[in-house]
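Structure, as structure tokens:
There are 2 protein chains.
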Amino acid sequence: MPDKNIPDIVIGRLPIYLRALQRMLAENRHVTSSQELGERLGISAAQIRKDLSQFGEFGKQGTGYSIDYLAEQIRQILNVDQVWDIAVVGAGDIGSAVARYQGFANRGMQVTMIFDNAPSKIGSKVGSFTVKDIANLESDIKRGGVKVAMIATPSEKAQEVADKLLSAGVKAILNYAPINLTVTDDVRVQYIDPVIHLQRMTYYL
Amino acid sequence: MPDKNIPDIVIGRLPIYLRALQRMLAENRHVTSSQELGERLGISAAQIRKDLSQFGEFGKQGTGYSIDYLAEQIRQILNVDQVWDIAVVGAGDIGSAVARYQGFANRGMQVTMIFDNAPSKIGSKVGSFTVKDIANLESDIKRGGVKVAMIATPSEKAQEVADKLLSAGVKAILNYAPINLTVTDDVRVQYIDPVIHLQRMTYYL
DNA sequence: TAGATTGTTAATCGATTAACAATC
DNA sequence: TAGATTGTTAATCGATTAACAATC
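Residue numbers (our numbering), protein chains in the order written: chain A, 1 to 205; chain B, 1 to 205.
In structure tokens form, the structure reads like this:
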């Protein structure tokens, strides 16, 4: 069954499973079980088995899952058995940190370009990248065939940037600006706002 | 009813509502409705009314919600009508970006200290902060009465840092290291890993 | 008053868990 | 074989939505 409309909440857990599996591999582990994985992640074993069963049968009764094999299967499901090029828009503190971030390696992502609109930044170096002029955003992204972008501009510019990204063909946006974006429904948006996470915790303090 | 065990998923939406309300205020708006808010956020009006009704009656039939008043109520619920001091651990790209981040202002959070273990960084400046020695983490955090921290260290150090934070009395941790933390259950943890968000989107591409 | 929108109830929908036969 | 763990079904649990009386 290639695609029987999997709940998005299940898709959301797959990257978590994958990250844990890659961590286990780094610890030189080769086999795991839904129970062990669940304990590490604070998720029930039944839920992990149910989630995985949406996509196929990846385990063996009695022994569990081959970590290598399961990781590879999840990578294929998530389309991260390839490497996605990412454009970063905004070369301030956050954009620069993200462009230099080492954590994309081996996880199917790589930053390939970074844009800003400030003359003082255009042409300067951020890590190994030369900051590009945001005026060329659409043509550069189109030429590069880039489908994934991260917005790290001030809130006021974020929607405008998003509109340009869409017309350049971007289909997935990770938005660091603390504002909701309006996009066409063939485009995915995810949000990272540390304050949202922090406020969610202070309720309990 | 001060506390009838509100679902965590409801708590998780309150910061989103608050952010949208503050945005509306910045646009000089003074009244809104569950319908308008829902359209902006992609959430049903019924859900917003249901969520809010868990905490009290904040609206007026026929006219909707006073944005100012509702924002203030949500701030009180989330305990962000005060300002929480935050300790940042790790003065690399991410820790430095977070320490300098302007987005905490008026949202109940402020960074007050940043730590690292590298002699080359200790004593140097990150924004207006002088990087402190991680060796003094426990005593500095205890003395400051800090309850909220962000971890921006390499994955290998994150659990060790978390342990120290707990013994220093920290009760809420926002973890940027791509690894699951184990903590006692009086402590809240939230995670930010851009790759998790990106992989969640590439499934659909 | 007429129109609009809340707060809340009941119905629906969807997600999680428990349990177990199958089988490695 | 005996023990362990999967994949899956059915039962439970919880969250969302629809609908509407109350009322501004």
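C-beta: ideal position from N, C-alpha, C; glycine also.
| Query | Result |
| --- | --- |
| Residues, ordered as in the chain, of the stretch 170 to 185 of chain B that lie near chain A by beta-carbon distance below 7 Å | Lys-171, Ala-172, Leu-174, Pro-178, Ile-179 and Asn-180 |
| Beta-carbon gap between A/Ala-99 and A/Gly-127 smaller than 8 Å | yes |
| Bridge partner(s) assigned by DSSP for B/Gln-190 | B/Leu-174 |
| Coil, strand or helix - B/Tyr-101 by DSSP | coil |
| Buried or exposed by the 16-neighbour rule on C-beta atoms within 10 Å, applied to B/His-30 | exposed |
| Listed by chain order, chain A residues near B/Thr-153 by CB distance under 9 Å | Those within 9 Å of B/Thr-153 in chain A number zero; the least Cβ separation is about 12 Å. |
| CA nearest to the CA of A/Phe-104, picked from B/Ala-26, B/Pro-7 and B/Ile-196 | B/Ile-196 |
| Whole-angstrom distance between B/Asp-186 and A/Gly-123, CA atom to CA atom | 49 Å |
| Cut-off 8 Å between Cβ atoms - residues of its own chain near A/Tyr-69, not counting five sequence neighbours on either side | Phe-58 |
| Outcome for A/Asp-81 when other beta-carbon atoms lying within 10 angstroms are tallied against a minimum of 16 | exposed |
| With 16 other Cβ atoms within 10 Å as the buried cut-off, status of A/Arg-143 | exposed |
| Outcome for B/Ser-120 when other beta-carbon atoms lying within 10 angstroms are tallied against a minimum of 16 | exposed |
| Neighbour flag for A/Thr-32 against chain B, beta carbons, 8 Å | no |
| Which listed residue (A/Gln-73, A/Ser-53, A/Asp-8 and A/Gln-61) has its alpha carbon closest to that of A/Leu-21 | A/Gln-73 |
| Buried or exposed by the 16-neighbour rule on C-beta atoms within 10 Å, applied to B/Leu-198 | buried |
| Within-8 Å CB hit, B/Tyr-203 to chain A | yes |
| Distance between beta carbons of B/Tyr-176 and B/Ile-94, contact taken as under 8 Å | 5 Å |
| B/Thr-202, buried or exposed, once every other Cβ within 10 Å from all chains shown has been counted against 16 | buried |
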